[in-house]
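Peer 1: Residues 19 to 585 in this note's numbering are what the sequence shown spells out, letter by letter.
Glycine included, every Cβ here is placed at the ideal spot set by N, Cα and C.
Bear in mind that the values here come from a model prediction, so they are computed numbers and not experimental data.
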Amino acid sequence: MKHSWWKEAVVYQIYPRSFMDSDGDGVGDLQGIIMKLDYLKELGIDVIWLSPVYRSPNDDNGYDISDYREIMDEFGTMETFERLLLEAHKREIKIMMDLVVNHSSDEHPWFVEARSSKDSPYRDYYIWRPAREDSNLPNNWGSHFGGSVWEYEETTGEYFLHLYSKKQPDFNWENPKLRRELYDIMTFWLDKGVDGFRMDVINMISKAEGLPDGEVYEGCAFGDGNPYYSNGPKIHEYLQEMNREVLSKYDLITVGEMPKVGVEQAKLYTGSDRGELNMIFHFEHVTVGNGQFGRWSPMEWKLTELKTIFNRWQYGLKEDGWNSLYWSNHDQPRAVSRFGDDSSEYRVLSGKMLATCLHVLQGTPYIYQGEELGMTNVGFEAVSDYRDIQTVNAYRDYVEAGKLTHEQMMNAIHQRSRDNGRTPMQWSDAGNAGFTSGVPWIAVNPNYKEINAEQAVNDTDSIFHYYKKLIRLRKEHKIIVYGAFDILLEEDEHIYAFTRSLGSERLLVLCNFSRDTRLVELPEEFQGSGKELLIGNYKINSATERSEESGSLQLLPYEARVYRVTV
Ligand code: GLC
């Protein structure tokens, strides 16, 4: 397997709005990030993925961009950005920008121009259609944020397409002039010295000709357009062109966010001779337990479901292509609440267990801000405490339409709202968790007195120090990056167990995803006393070590262990 720096790296995602506020306006900013670079250096990460910092009216917190070459006023100036880049590079931390080019903001000058007249030179930068004769809309697709994907524009009497909010009109990638403009924007940032891109919903940029109606599923008011725009007909052509024109000229880290993608398609996106991207984010594991209304009807899920997904991706990209590994991000609930156990008894243990499992799979691990502290979901009481457009619209669409009761919806929001991941970073037990001296744009999770960075950095037994150790181990043991993956105990509903192999080295990874104590039979190579414990989340010394009886080992609740042997 080809070695690359981005395979060996650990990425840390910053959602700037919620990371650190330096000027007391209640919104995180670039100067705040600069102030915390030493914290990230101590953690040991290699790359920061910055969620969007471009100028934006913030309908979707920066994922609606009105100027791709300017910094959002609340976040600072271009000068502060350049200082951030310099200070990060000084510490050998790279910066990966978010690139949102499936759509812009409706306040982008191109769209303002485009909507003013059918003859505007920018008209064709976006997707316009008249209503069909047999309906009052151009087609039946539903938007990801509720309602139709079509919004009527009175001045010109046509509709424009928006897969997300109506303030996020989709670009028309068919237009080569538009593509050239976007490549120039990418070059602008790369020439400033940024080190790569995380590409927002990039597999949605090519729409099928004719924009055919989608299937209407039970309980849905609109059709599902996904088959006609996810991994659309020209997607590979566009990505290869982007690679030729821009990416190939630099040594970058690139990751494409791709809802509705499977392993076979991922091979095409990430294959080393394909000239597209380094890796992608798929969504399969973060949708386990989704019910009829997706994340808004959360259900129980089984560990075997989760393992089947991970295993498929591990084996699928083993020869070629590369995995990205994540439990959470700004669109997902907190890892420990979603996949672990956020009770006071098991939060720390399960947080460390999840970290172990993810960082020792094959792929590039992504840490979302606060995950290294074991930050948890927040259970705001009122819908009015939520800020996320997806959450607010979904409450309107499901409760007001009578599909879910208020109680059902609040339960779903508490489990799955994107705002769970967006409450401010908990830096200390000072007011507002040390995030701001003003009024935070979204309330701080009340548990910041116990869960915060100051506490975690001072406690060598914290989740923070455990992440630090995992990151260090990755640098010391190439097998963690490049070793071949093999599954063990495939049917087990409590334990995720697998091995990694490189040359004569083997790793055994054992993760107990349950509150039960389980007995696990060890593979022969790992029986006896010749193995080295690389990391584990329980304190083990010869007095407390549980004896291995006839080749079996007892795993305590949420216990994780990684053993190493040479054969
Ligand atoms: C991606 C982003 C999400 C945003 C959406 C539309 O999924 O991660 O936050 O709302 O794209 O840009």
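Note down the Cα distance separating Gly369 from His377, rounded to an integer number of angstroms.
Peer 2: Roughly 12 Å between the two C-alpha positions.
Peer 1: When the Cα atoms are used, what is the spatial distance from Trp24 to Ser153?
Peer 2: So the two alpha carbons sit approximately 49 Å from each other.
Peer 1: Three or more C-beta pairs under 8 Å: does that hold for the stretch 280-292 against the stretch 226-239?
Peer 2: Touching, no, given that fewer than three Cβ pairs across the two stretches are closer than 8 Å.
Peer 1: What residue ranges within the stretch 204-278 form continuous beta strand (DSSP E) runs of no fewer than 3 residues, ordered along the chain?
Peer 2: List check, beta strand (DSSP E) in window: 214-217 and 271-275.
Peer 1: Could you check if Gln186 belongs to the surroundings of the ligand GLC, using beta carbon to heavy atom distance under 7 Å?
Peer 2: Yes, the ligand GLC has a heavy atom inside 7 Å of this Cβ.
Peer 1: Near Phe482, which residues of its chain fall below 8 Å by C-beta distance, leaving aside the five closest residues on each side in sequence?
Peer 2: Contacts found: Leu61, Glu390, Leu391, Ala471, Ala474 and Val475.
Peer 1: Under the three-state reduction of DSSP, which class applies to Ser402: helix, strand or coil?
Peer 2: Helix at Ser402.
Peer 1: Around the Cβ of Lys267, are there at least 16 other Cβ atoms within 10 angstroms (buried) or fewer (exposed)?
Peer 2: Classification of Lys267: exposed, given that the 10 Å Cβ count is below 16.
Peer 1: Below 6 Å CB to CB, which residues in the same chain sit around Tyr140 once its five sequence neighbours on both sides are set aside?
Peer 2: Hits under 6 Å: Trp128, Glu131 and Ala132.
Peer 1: List the residues that DSSP assigns as beta-bridge partners of Met114.
Peer 2: Looking at the DSSP assignment, Met114 forms a beta bridge with Trp67 and Gly214.
Peer 1: Using three-state DSSP, classify Pro383 as helix, strand or coil.
Peer 2: DSSP places Pro383 in strand when its eight states are reduced to three.
Peer 1: Are the stretch 107-121 and the stretch 55-70 in contact at 8 Å, needing three or more beta carbon pairs?
Peer 2: Contact holds: three or more Cβ-Cβ distances are below 8 Å.
Peer 1: Strictly by DSSP, which residues pair up with Trp168?
Peer 2: Answer is Leu179.
Peer 1: Figure out for me which residue from Ala578, Gly548, Ala502 and Pro541 has the closest Cα to the Cα of Lys557.
Peer 2: If we check each option's Cα against that of Lys557, Ala578 comes out closest.
Peer 1: Can you tell me whether Asp218 is buried or exposed? The criterion is at least 16 other CB atoms within 10 Å of its CB, across all chains shown.
Peer 2: So Asp218 counts as buried.
Peer 1: Heavy atom of the ligand GLC less than 7 Å from the Cβ of Asp291, yes or no?
Peer 2: Answer for Asp291: no, Cβ out of range of the ligand GLC.
Peer 1: How is Ala474 classed by DSSP in three states: helix, strand or coil?
Peer 2: In this structure, Ala474 counts as helix in the three-state DSSP scheme.
Peer 1: Taking 7 Å as the cut-off, is the C-beta of His377 nearer than that to any heavy atom in the ligand GLC?
Peer 2: Result no, Cβ not under 7 Å from the ligand GLC.
Peer 1: As a quick exercise: from Tyr81, Glu105 and Phe189, pick the residue whose alpha carbon is nearest that of Lys163.
Peer 2: The amino acid at residue 163 is misidentified as Lys; the sequence shows Phe. Closest option to Phe163, Cα to Cα, is Tyr81.
Peer 1: So what does DSSP say about Glu105, is it helix, strand or coil?
Peer 2: DSSP places Glu105 in helix when its eight states are reduced to three.
Peer 1: For the stretch 514-525 against the stretch 336-345, do three or more pairs of beta-carbon atoms, one drawn from each stretch, fall closer than 8 Å, so that the two count as touching?
Peer 2: Flag = no, the stretch 514-525 and the stretch 336-345 do not touch.
Peer 1: Can you tell me the Cα-Cα spacing of Thr535 and Arg524, whole angstroms?
Peer 2: Taking the straight line joining both Cα atoms gives about 25 Å.
Peer 1: What I want to know is whether the C-beta of Val219 ends up closer than 7 Å to one or more non-hydrogen atoms of the ligand GLC.
Peer 2: Flag set: Cβ of Val219 near the ligand GLC.
Peer 1: Would you say the beta carbon of Asp592 comes nearer than 7 Å to a heavy atom of the ligand GLC?
Peer 2: Any property of residue 592 remains undetermined from this structure, which presents the chain solely from 19 to 585.
Peer 1: Would you call the stretch 422-437 and the stretch 480-494 touching, i.e. three or more CB-CB distances under 8 Å?
Peer 2: The stretch 422-437 is not in contact with the stretch 480-494.
Peer 1: Alpha carbon to alpha carbon, what distance is there between Val583 and Gly214?
Peer 2: Distance between the alpha carbons of Gly214 and Val583 is about 36 Å.
Peer 1: Please name the residue in Glu92, Pro230, Lys225 and His495 whose C-alpha comes closest to that of Pro251.
Peer 2: Among Glu92, Pro230, Lys225 and His495, the Cα nearest to that of Pro251 belongs to Lys225.
Peer 1: Does DSSP classify Ile481 as helix, strand or coil?
Peer 2: Helix, per DSSP.
Peer 1: Let me check you understand the geometry: is the CB of Tyr81 closer than 7 Å to at least one non-hydrogen atom of the ligand GLC?
Peer 2: Because some heavy atom of the ligand GLC lies under 7 Å away, the Cβ of Tyr81 counts as near it: yes.
Peer 1: Could you tell me if Met453 is buried or exposed, where buried requires 16 or more neighbouring beta carbons within 10 angstroms of its beta carbon?
Peer 2: A quick correction: the sequence has Phe, not Met, at residue 453. So Phe453 counts as buried.
Peer 1: Assuming contact is defined by CB atoms lying nearer than 8 Å, are Leu181 and His121 in contact in what I supplied?
Peer 2: Contact flag set, yes.
Peer 1: Look up Asp504 in the DSSP assignment and say whether it is helix, strand or coil.
Peer 2: Asp504 falls in the strand class under three-state DSSP.
Peer 1: Skipping 5 residues on each side, what residues in its chain have a beta carbon closer than 7 Å to that of Ala412?
Peer 2: Result list for Ala412: Gly164 and Trp314, in chain order.
Peer 1: Who are the Cβ neighbours of Ile220 in its own chain at under 6 Å, not counting the five residues just before and after it?
Peer 2: Within the same chain, Ile220 has close Cβ partners Gly274.
Peer 1: Tell me the residue span of the beta strand (DSSP E) that contains Ile89.
Peer 2: Taken as a continuous stretch (DSSP letters only), the beta strand (DSSP E) holding Ile89 covers Asp85 to Ile89.
Peer 1: Just the C-alpha distance for Pro34 and Pro442, rounded to the nearest angstrom, thanks.
Peer 2: Those two C-alpha atoms are separated by around 10 Å.
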